[in-house]
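Enquirer:
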Amino acid sequence: AFGKACAYFGVKPRYVKVGPDFRADPEAMKKAMNRNTILVAVSAPQYPHGVVDPVEEVAAICVKKGLPLHVDACVGGFILPWVERLGYPVPRWDFRVPGVMSMSADVHKYGYSSPKGASVVLYRDMKLMRYQFHVSTDWCGGIYASPGLLGSRPGGSIASAWASLMALGEDGMLRLAGQAMEVAGELKAGIGAIPELKVLGDPCSPIVTYGAADERVDVYALADQLEARGWAVDRQQFPPSIHCTCNAHNRTVVAEYLADVRAAVTYLKAHPEVASQGNAAMYGMMAKVPVRGLVKVAVRKIMEGMYGPDGEVPDLANLGSDGSLLFKAIDRYGDQAMAALGKLQAARDKLLRRKG
């Protein structure tokens, strides 16, 4: 979302590498700040691994530099407070931390509102919030005032969000949070007991992500095997991993899931050739493309086909490494992309020489 917003509004994003625990590195973030910085953002938790960034440390830096800090709590905003109340260790991440000026949270995640599109943004005070208001007084249709980027918002999502929160109440939210954390704990213990796999990071939320601890196990092939057994799998990259969002209703299936994971790992060790088949080949190939701009070019072309007037629907089942749609797109448009990248690099080098 941050990258998308920057692309829309002409803001240059500065991404900072995380530490080995997948959490933000405060010192690295400090070094990335300069006189052009307009906002610093951290997560509670970040989506890929369920870990909470060191909000207090980053906030202290922001206070000294006079910069606003935003906490992306879209995943955790409606569950971390309950997890903390249940006694689980959760680092401080909200307005209790000086320097946190805004937060975002999705009701359609752990607020249990069914329609997507129910989210909130919170500001420390009205002095900040007023900047998102728009008022137009000179339109023939009358005075037009809008509180946010969207001119109109669907009432169904708002009504569903209100209804779910009112129906559950504090007791319901605490109960569901506790059950989700029990599932996450069982899943972490089960994955940790499989020598070929490892949990990534140390999540304090009900998100569990795991990858390979044994090079003989291809994570994307493991995902294919789990899908063949009837599971819906969320694949991730950098590093290859499988992402699990734990909920209360998963209590009845977590043991079965772990049994299938163990069976799939055993199968993959005996059949390493499946790593070059199915979706595993496509995901592995995408992760290995050296210039990420080429992947972006290919995906954009796929989207243009899908949303164009002809409505071309790509055959996603054939996105393998043998003449795949992705490679065809790269073959067709890659030269143009690389030429453009080359021109940009040449211009950059020229500017650097002038400065030198």
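Per our numbering, the sequence shown starts with residue 40, numbered consecutively. The beta-carbon is built from N, C-alpha and C at its ideal position, and this holds for glycine as well. Remember, predicted model here, so these are calculated numbers, not experimental data.
1. For ALA302, does the three-state DSSP call read helix, strand or coil?
2. Nearest-angstrom Cα distance between VAL50 and ARG74?
3. Identify, in the order they occur along the chain, each residue of the same chain with its Cβ nearer than 7 Å to the Cβ of LYS237, setting aside the five sequence neighbours on each side.
4. Taking the alpha carbon of GLN218 as the reference point, which residue from TYR149, ALA202, GLY231, SER82 has its own alpha carbon closest?
5. Is it the case that the region 134 to 148 contacts the region 115 to 125, given that we only count it when at least three CB pairs across the two stretches are under 8 Å?
6. Please tell me whether VAL122 and MET212 are closer than 8 Å, where the distance is taken between their beta carbons.
7. Relative to the alpha-carbon of ARG62, which residue among ALA80, PHE48, ALA46 has its alpha-carbon at the smallest distance?
8. Look at VAL338 and CYS285 and say whether their C-beta atoms are less than 8 Å apart.
9. How many angstroms separate the CA atom of ASP263 from the CA atom of TYR296?
10. Report all residues from its chain with a CB closer than 8 Å to the CB of SER153; omit the five preceding and five following residues, and keep chain order.
11. Excluding the five sequence neighbours on either side, which residues of its own chain have a C-beta within less than 6 Å of the C-beta of LEU35, listed in chain order?
12. Keeping to the same chain, check which residues put their C-beta closer than 7 Å to that of GLU266; ignore five residues upstream and five downstream.
13. In chain order, which alpha helix (DSSP H) runs of at least 4 residues are fully inside the region 227 to 281?
14. Helix or strand or just coil, what does DSSP make of MET140?
15. Quick one: Cα of LYS104 to Cα of GLN85, how far?
16. By the DSSP assignment, the alpha helix (DSSP H) with VAL94 in it spans what residues?
17. Is it right to say TYR259 is buried, meaning 16 or more other beta carbons lie within 10 angstroms of its own, or is it exposed?
18. Could you give the C-beta distance for MET68 and LEU108, rounded to a whole number, given that I count them as a contact under 8 Å?
19. What residues match up with HIS173 in a beta bridge as DSSP calls it?
20. Under three-state DSSP, which class holds ALA40?
21. Taking the straight line between their C-alpha atoms, what separation do you get for LEU188 and PHE172?
22. Under the assumption that GLU225 contacts VAL293 (Cβ atoms under 8 Å), give the Cβ distance between them as a whole number of angstroms.
Expert: Judging by the given coordinates:
1. Looking up residue 302 in the sequence shown gives position 263. It is helical.
2. Start at 1 with the first residue of the sequence shown, and residue 50 comes out as number 11. Start at 1 with the first residue of the sequence shown, and residue 74 comes out as number 35. Approximately 14 Å between the Cα atoms of the pair.
3. In the sequence shown, the residue the question calls residue 237 occupies position 198. Same-chain partners within the cutoff: TYR249, GLY250, ALA252.
4. Here residue 218 is taken as the residue at index 179 of the sequence shown, counted from 1. Checking every option, the nearest Cα to that of GLN218 belongs to TYR149.
5. yes
6. The residue given as residue 122 occupies position 83 in the sequence shown. The residue given as residue 212 occupies position 173 in the sequence shown. Not a contact, by the Cβ cut-off of 8 Å.
7. Working through the sequence shown from its first residue, we reach residue 62 at position 23. Closest option to ARG62, Cα to Cα, is ALA80.
8. Walking along the sequence shown from the start, residue 338 turns up at place 299. Walking along the sequence shown from the start, residue 285 turns up at place 246. Result no, Cβ atoms of VAL338 and CYS285 do not sit closer than 8 Å.
9. By 1-based counting over the sequence shown, the position of residue 263 is 224. By 1-based counting over the sequence shown, the position of residue 296 is 257. If I take the Cα positions, the gap works out to 14 Å.
10. Here residue 153 corresponds to residue number 114 of the sequence shown, with the count starting at 1. These residues qualify, in order along the chain: HIS147, SER199, SER203.
11. The structure shown has nothing for residue 35, since the chain only spans 40 to 395.
12. Position 227 of the sequence shown, counting from 1, holds the residue named residue 266. Result list for GLU266: VAL272, in chain order.
13. 258 to 267
14. Here residue 140 corresponds to residue number 101 of the sequence shown, with the count starting at 1. Reduced to three states, the DSSP call for MET140 is strand.
15. Taking the sequence shown and counting its residues from 1, one reaches residue 104 at position 65. Taking the sequence shown and counting its residues from 1, one reaches residue 85 at position 46. In a straight line, the C-alpha of LYS104 is about 24 Å away from that of GLN85.
16. The sequence position of residue 94 within the sequence shown is 55, counting from 1. Where VAL94 is concerned, the enclosing alpha helix (DSSP H) stretches over 94 to 104.
17. Numbered from 1 along the sequence shown, position 220 holds the residue referred to as residue 259. TYR259 comes out buried.
18. The residue given as residue 68 occupies position 29 in the sequence shown. The residue given as residue 108 occupies position 69 in the sequence shown. With 8 Å as the limit, MET68 and LEU108 do not qualify as a contact, their Cβ atoms being about 10 Å apart.
19. Looking up residue 173 in the sequence shown gives position 134. DSSP lists SER185 as partners of HIS173.
20. Position 1 of the sequence shown, counted from the start, is the residue given in the question as residue 40. Three-state result, ALA40: coil.
21. Taking the first residue of the sequence shown as position 1, residue 188 is located at position 149. Taking the first residue of the sequence shown as position 1, residue 172 is located at position 133. Roughly 8 Å between the two C-alpha positions.
22. By one-based count along the sequence shown, residue 225 stands at place 186. By one-based count along the sequence shown, residue 293 stands at place 254. Contact flag correct, Cβ pair sits at about 5 Å.
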